Every structure is written in C-alpha cells, then in structure tokens.
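Inspection log for the structure reproduced underneath, given as structure tokens.
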Amino acid sequence: MNRRAGEGEVAGRAAGGGGVGGTGRRIEVVRAGALTTVQDAGRRGWAHLGVPRAGALDGPARILANRLAGNPPDAAVLETTLTGCAVRPAGAPYTVVVVGGAVCRVTVDGRPAAWGAPVRVPEGSVLEAGPALRGLRGYLAFGGGLVSERVLGSRSADLLSGLGPPVLRDGDVLPLGGDGGGRGGCPADAVPWPGAPAELVLPLWPGPRHAWFTPAALHTLTTAVYRVSAQSNRIGLRTEGPPLERSRSGELPSEGMVLGAVQVPPDGRPVVFLNDHPTTGGYPVVGVVAASALPAAAQAVPGTPVRFVAA
Amino acid sequence: MRMRREPAGSGGRTGGDTRPAGLRVLPAGPDALLVECGSGEAAEAFHAELLRRRAEGELPAVGEIVPGARTVLLDGVGDRTLARRLLTWAVPPLPRGAGTAVEIPVVYDGPDLAEVAGAWGVDTAEVARIHSGTEFRVAFCGFAPGFGYLTGLPGHLGVPRRATPRTRVPAGALALAGPYTGVYPRASPGGWQIVGHMPEPDTLWDPEREPAALLGPGVRVRFVEAG
Chain A
106 MNRRAGEGEV AGRAAGGGGV GGTGRRIEVV RAGALTTVQD AGRRGWAHLG VPRAGALDGP
166 ARILANRLAG NPPDAAVLET TLTGCAVRPA GAPYTVVVVG GAVCRVTVDG RPAAWGAPVR
226 VPEGSVLEAG PALRGLRGYL AFGGGLVSER VLGSRSADLL SGLGPPVLRD GDVLPLGGDG
286 GGRGGCPADA VPWPGAPAEL VLPLWPGPRH AWFTPAALHT LTTAVYRVSA QSNRIGLRTE
346 GPPLERSRSG ELPSEGMVLG AVQVPPDGRP VVFLNDHPTT GGYPVVGVVA ASALPAAAQA
406 VPGTPVRFVA A
Chain B
28 MRMRREPAGS GGRTGGDTRP AGLRVLPAGP DALLVECGSG EAAEAFHAEL LRRRAEGELP
88 AVGEIVPGAR TVLLDGVGDR TLARRLLTWA VPPLPRGAGT AVEIPVVYDG PDLAEVAGAW
148 GVDTAEVARI HSGTEFRVAF CGFAPGFGYL TGLPGHLGVP RRATPRTRVP AGALALAGPY
208 TGVYPRASPG GWQIVGHMPE PDTLWDPERE PAALLGPGVR VRFVEAG
C-alpha cells in the first residue's frame with residue numbers, strides 16, 4: 106500500500122479497511138465534521154528530514170480520553186474541530202467510546218449520553234459528538250484504539266506534509282484494535298478537563314531571534330492583547346493584534362524550529378507554531394511558548410484574547 | 028521584553044578560548060539551543076561533529092538535531108551545561124568526499140531552463156553540463172518530507188526565486204533557488220526555477236525505507252543526465 110503523501114492521493118482512505126487490526130472491529134464515519142483526523146502522540150525524531158511531529162494538539166485530553174476508554178495513553182483517537190462528528194461502531198456487540206476535550210452534547214441514536222465518561226455503544230448505533238459548546242477540539246477514544254497504519258512510528262495525520270491517514274470523510278471505515286471489545290471503560294469519580302480558556306496566557310521564553318525586533322516591539326509583544334485568528338490551524342495559532350516591528354531587515358536563512366516557536370512573518374503578527382509546524386523556516390522566531398502551555402492553545406476559539414507573558 | 032537572555036556564547040568573544048570562529052549559541056525556548064555557525068560550510072561541519080559525538084556516546088541526551096542553512100538546532104536538551112561546552116569543541120572542517128554519495132538520473136528540460144541559461148550567460152546544454160558536473164551535498168531538509176537543500180554550485184550561479192510561485196510543481200521537478208538545488212519529492216506549490224525533472228521521483232521519499240529520505244542531511248549527490 107502506497108503510504109506516501111502525494112497530492113490528492115487517497116491511499117490510506119478507510120485507513121487500512123479492517124486489514125490492519127485484524128479484529129474486524131471498526132467504526133464507520135457517519136458525519137466526518139469540519140476537520141476530523143486520526144491522532145496519537147505523534148512522530149518524533151524525524152525533524153531533520155522535514156517531517157513534522159504531528160499528534161493530538163491537546164495531549165492531556167487525548168491521554169485522559171484513552172484512560173477512560175481503557176486504552177494505553179498513546180492509543181490513536183479522533184481529533185474533531187468545532188463541529189464534532191458522528192460514528193457507528195461495528196464488528197462487536199458494543200464498543201466503549203469516550204468523548205472528551207472540547208465540551209459538547211453526546212447522543213447515542215439521538216438519546217443523551219455522557220460526555221467525558223465511557224459510553225457503551227451497541228453495534229449499529231450512531232454516537233454523535235455535537236458541535237463544541239466550549240473549546241475547539243474534541244477527542245473520541247474507542248476501546249481498543251484506532252489502528253490505522255503507522256507511518257514513521259505514528260498513526261497521526263499530519264496536515265502540513267500529508268503523512269498519515271487522510272482527513273476523515275463521510276463513509277470512511279476505521280479499524281479498531283484490542284481484544285474484541287470485552288473490556289469496559291475505566292470509570293472515575295472526578296476528571297480534570299481543563300476546558301477552553303477565557304483568556305489564553307502563554308508563557309514566553311526567549312527565542313533565537315528576539316534581537317531582530319525593536320525594544321518597542323518586544324514591549325508590545327508582552328503587554329498588548331492579541332486575539333486568536335480564525336486563520337489558525339494545526340500548523341499554527343495565528344494572532345491578530347499590533348504588528349511587531351523589526352530592528353533589522355533582510356532575509357533569515359532557513360533554520361530549525363521548535364514546537365511553540367513564535368514566528369513573526371512580514372506582516373508582523375506573531376504565529377505560535379503547533380504540532381504540524383514546518384521543521385525549518387525562514388522568518389525570525391521572537392520567542393518560544395513552552396510545550397506544556399500549548400494544550401490550552403488547542404482549545405482557544407477564534408477571538409479569544411491572547412497574552413504573552415515573560416516566562 | 029523582560030525575558031532571560033542567552034545562556035552562553037552571545038556577543039563578543041574574548042581571546043584565548045578555543046571556540047570555532049563565528050559560533051554562537053542562542054536559546055530557542057526552555058529546552059532547545061540554536062547553534063549559529065559562521066557559514067553554511069561551518070554549520071555542516073558542526074552538524075557532522077554532533078553526529079560523530081552522538082554516535083560515540085559523548086553527547087548528552089538531545090531529542091532532535093536539525094541542521095539549517097547556517098545553524099544547527101538541538102531540540103530537547105536535557106543538559107543545561109551543554110551550551111557552554113559546545114563552545115569549547117574543536118570542530119574539524121568537513122573533509123571533501125565525506126559521507127555517502129548518490130547519483131540521481133535527471134532530464135534537463137524544465138520550463139525555466141532558458142531563463143537560468145540566460146542568467147548564467149550560457150546556452151541550455153551548458154547549464155546541463157555545469158549542473159551535472161557539480162558535486163552537491165545536502166545541507167539540510169525542510170519544506171516537505173525528503174526535500175533536501177543541496178549546496179555545491181558556485182556562488183555566482185545563484186538564481187533568484189520566481190517572482191510568482193507556481194501553484195503546482197510536479198513531483199520530481201529539479202529546481203534552483205539562491206545557492207540551492209532541490210528536487211520536489213511530491214507535487215506542491217513552489218517558487219524555485221525548474222530546470223529539469225527526475226524520471227523516478229518515488230525513490231526520494233519512502234517512509235518504509237531506512238532512511239526514509241534519499242537526500243538526508245550530509246548526503247553527497249551527483250546528477251546524471253538520463254537518456
């Protein structure tokens with residue numbers, strides 16, 4: 106099977122059909138939603154070949170959903186964006202599903218079901234994760250985990266380079282692993298879902314090129330209120346706000362970039378690089394947001410105020 | 028901005044130390060260092076030294092080592108004293124002919140071939156002769172998985188990027204920009220000057236192969252006129 110990332114290729118559609126897990130357990134995608142992808146912990150160690158890390162943007166939500174579903178923390182889940190999705194499990198009498206991350210209404214065949222807790226979905230029933238009521242990115246963990254093929258060690262879809270399974274479409278079939286669905290989920294009395302921030306506060310460490318900006322620009326960056334732009338995606342959280350003025354002109358030769366790098370393109374508006382970011386780039390990085398602060402960025406809806414504060 | 032300053036190596040150098048000329052270590056967040064070298068050649072040599080020391084177990088835990096045009100990024104640095112120690116390393120220049128070599132069959136028939144010939148002041152056949160007579164080296168990767176930035180052409184043969192990028196450059200396109208040559212591993216938008224194509228671009232990138240990228244950093248490359 107061709108797993109390269111050619112333009113318009115649909116290799117990997119249905120993500121391996123049922124031939125990967127071998128259990129015959131699967132989910133059918135009834136409503137794919139605006140942007141739903143398969144994500145695990147991502148692929149590490151390939152940045153020098155131009156391969157982004159990918160992986161669920163809200164890692165803690167992915168881990169918690171997996172735990173509640175009885176999965177290892179790094180099992181592959183679905184990451185939805187704003188509008189949720191609907192799936193129909195098949196191949197087992199029931200399938201445990203946990204919907205977490207962004208808060209939403211959950212139904213099974215139209216009847217209300219629990220959000221943020223294990224739900225037993227009978228074969229043939231449709232579980233619907235509705236549009237996000239708070240937050241942006243929802244996570245659906247299935248007992249046994251999604252077992253689409255690994256590319257460079259990860260099952261994650263990478264939207265920049267096109268590695269991994271393609272963005273979900275209605276009618277896709279995704280295989281589940283595990284032991285046939287016999288295990289229940291893991292109940293818990295209280296679970297810490299941080300939820301969507303009313304204001305996104307991003308601790309900022311020095312970046313390699315902060316000297317490329319005027320003192321006034323650096324002052325602006327840590328005092329002004331920016332807002333999350335609707336142009337944000339898995340590659341970067343774009344911001345709207347006062348542009349940052351450079352103290353020097355000219356091009357920057359391409360250099361390696363880290364997760365959380367705050368890059369400033371010619372329009373002067375800071376972009377916080379998220380999991381699908383390019384591994385090298387040519388605009389100056391003024392600062393770096395610590396990775397631990399980025400799950401909140403994954404849940405910040407467009408318009409959310411953003412404050413960069415010195416770490 | 029009240030942010031902590033560089034951990035080491037920034038600013039003026041003092042006499043009597045053994046730092047390689049032009050080396051600076053810049054912070055890139057809480058656990059990464061960007062090592063700025065004086066030139067592309069110095070960056071390649073420093074990258075090779077990092078790989079050598081890692082292979083010999085001399086390098087403390089570093090998550091990723093990512094070369095750039097004139098820099099090497101160390102991401103996931105567990106040892107806070109590393110920045111200071113990097114500056115004391117003696118880095119030998121990269122020996123000529125070092126590293127693995129690959130030959131890539133290409134056809135010099137690109138839509139920008141005549142324009143590049145004009146810029147070089149030669150005819151198109153001479154562009155093919157000069158280009159295929161040059162030994163390249165992959166300085167770094169980026170842009171797309173398996174896209175290598177190849178250096179080797181003399182400085183005066185650099186060409187600017189196209190004023191308007193193409194919305195679609197086919198896989199296998201052999202292209203030039205600035206000091207670099209590259210081959211597109213997959214179709215994508217692109218602004219480089221296309222001088223030819225590689226008949227079998229599928230070999231450039233294969234995640235099931237080790238290594239996945241044919242043109243990984245440090246690989247020597249020679250283009251051979253096909254057919």
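First to last, the sequence lines map onto chains A and B.
Remember, the numbering used here sits 105 above the position in the first sequence when you count from 1.
Remember, the numbering used here sits 27 above the position in the second sequence when you count from 1.
Even for Gly, the Cβ is constructed at its ideal location relative to N, Cα and C.
These numbers come from a predicted model, not from an experiment.
Residue i at chain B interface by Cβ criterion, 8 Å
i: SER266(A); result: yes
i: VAL369(A); result: no
i: THR319(A); result: no
i: THR344(A); result: no
i: PRO69(A); result: What the structure shows of chain A is the stretch from 106 to 416, and residue 69(A) is not part of that stretch, so it cannot be assessed.
i: GLY287(A); result: Caution applies to GLY287(A), whose pLDDT of 47 falls short of 50 and renders its modelled position unreliable; the value that the coordinates give is listed next. Closer than 8 Å: no.
i: VAL257(A); result: The displayed chain sequence assigns Leu, not Val, to residue 257(A). Yes, contact with chain B.
i: VAL204(A); result: no
i: GLY126(A); result: Summary for GLY126(A): the model assigns pLDDT 48, below 50, so the residue's position carries little reliability; its value from the coordinates is reported in the next sentence. By this cut-off, GLY126(A) is not an interface position.
i: VAL377(A); result: no
i: PRO383(A); result: yes
i: ALA402(A); result: no
i: TRP310(A); result: yes
i: GLY365(A); result: yes
Distance CB(residue i)-CB(residue j) smaller than 8 Å
i: LEU241(A); j: ALA405(A); result: yes
i: SER266(A); j: TRP317(A); result: no
i: GLY160(A); j: SER253(A); result: no
i: GLY84(B); j: GLY65(B); result: no
i: VAL367(A); j: GLY392(A); result: yes
i: VAL210(B); j: GLU130(B); result: no
i: GLU345(A); j: TYR331(A); result: yes
i: GLU360(A); j: THR384(A); result: no
i: PHE167(B); j: GLY105(B); result: no
i: ALA198(B); j: ARG188(B); result: no
i: GLU97(B); j: ALA70(B); result: Per the sequence shown, the amino acid found at residue 97(B) is Arg instead of Glu. The answer is yes: Cβ separation under 8 Å.
Residues sharing a beta bridge with residue i, DSSP
i: SER354(A); result: Looking at the DSSP assignment, SER354(A) forms no beta bridge with any residue, so it has no partner.
i: SER259(A); result: VAL256(A)
i: PHE73(B); result: Note: PHE73(B) sits in no beta bridge, so no partner.
i: ARG149(A); result: Paired residues: none, contrary to the question.
i: THR98(B); result: GLU63(B)
i: GLY175(B); result: CYS168(B)
Interface flag, residue i vs chain A, CB-CB below 8 Å
i: GLY38(B); result: Its pLDDT being 38, under 50, GLY38(B) is placed unreliably in this model, and the value from its coordinates should be taken loosely. False, the Cβ-Cβ gap to chain A never drops below 8 Å.
i: THR230(B); result: no
i: LEU100(B); result: yes
i: ALA171(B); result: yes
i: PHE174(B); result: yes
Distance between beta carbons of residue j and residue i, contact taken as under 8 Å
i: VAL165(B); j: LEU113(B); result: Not a contact, Cβ separation roughly 23 Å.
i: ALA144(B); j: ASP150(B); result: 6 Å
i: GLY155(A); j: PHE170(B); result: 6 Å
i: VAL333(A); j: VAL272(A); result: Rounded, the Cβ-Cβ distance is 22 Å, inconsistent with contact.
i: TYR199(A); j: VAL182(A); result: Not confirmed; about 18 Å, so no contact.
i: ASP139(B); j: VAL222(B); result: 6 Å
i: GLY249(A); j: ARG172(A); result: In fact, because the Cβ distance is near 14 Å, the residues do not count as touching under 8 Å.
i: VAL278(A); j: GLU133(A); result: 5 Å
i: VAL99(B); j: PHE163(B); result: Actually they are not in contact, since the Cβ atoms of VAL99(B) and PHE163(B) sit about 19 Å apart, beyond 8 Å.
i: GLU228(A); j: ALA195(A); result: 6 Å
- Task: Scan the segment 138-157 of chain A for residues whose Cβ lies nearer than 9 Å to a Cβ of chain B and list them as they occur along the chain.
- Result: Residues ARG149, GLY150, TRP151, ALA152, HIS153, LEU154, GLY155, VAL156, PRO157.
- Relative to chain B, which residues along the segment 348-359 of chain A have a C-beta separation below 7 Å, given in chain order? From the segment 348-359 of chain A, only PRO358, SER359 have a Cβ closer than 7 Å to chain B.
- Contact residues within the segment 78-111 of chain B, judged by C-beta distance below 8 Å to chain A: Flagged, chain order: GLY90, GLU91, ILE92, VAL93, PRO94, GLY95, ALA96, ARG97, THR98, VAL99, LEU100, ASP102.
- Task: Check distances from the C-beta atoms of the segment 179-196 of chain B to those of chain A and list, in chain order, the residues that come in under 8 Å.
- Result: Residues ARG195.
- Message: Against chain A, which members of the segment 48-70 of chain B pass a CB distance test of less than 7 Å?
- Response: Of all residues in the segment 48-70 of chain B, LEU53, PRO54, ALA55, GLY56, PRO57, ALA59, LEU61 have a Cβ within less than 7 Å of some Cβ in chain A.
- Query: What residues in the segment 232-249 of chain B have a beta carbon less than 8 Å from any beta carbon of chain A?
  - Reply: Those residues of the segment 232-249 of chain B placed with their C-beta closer than 8 Å to a C-beta in chain A are TRP232, ASP233, PRO234, GLU235, PRO238, ALA239, ALA240, GLY243, PRO244, ordered along the chain.
- Query: Got a sec: which bits of the segment 154-167 of chain B sit with their beta carbon under 9 Å from any beta carbon on chain A, in order along the chain?
  - Reply: Those residues of the segment 154-167 of chain B that come within reach of chain A (Cβ to Cβ, closer than 9 Å) are PHE167.
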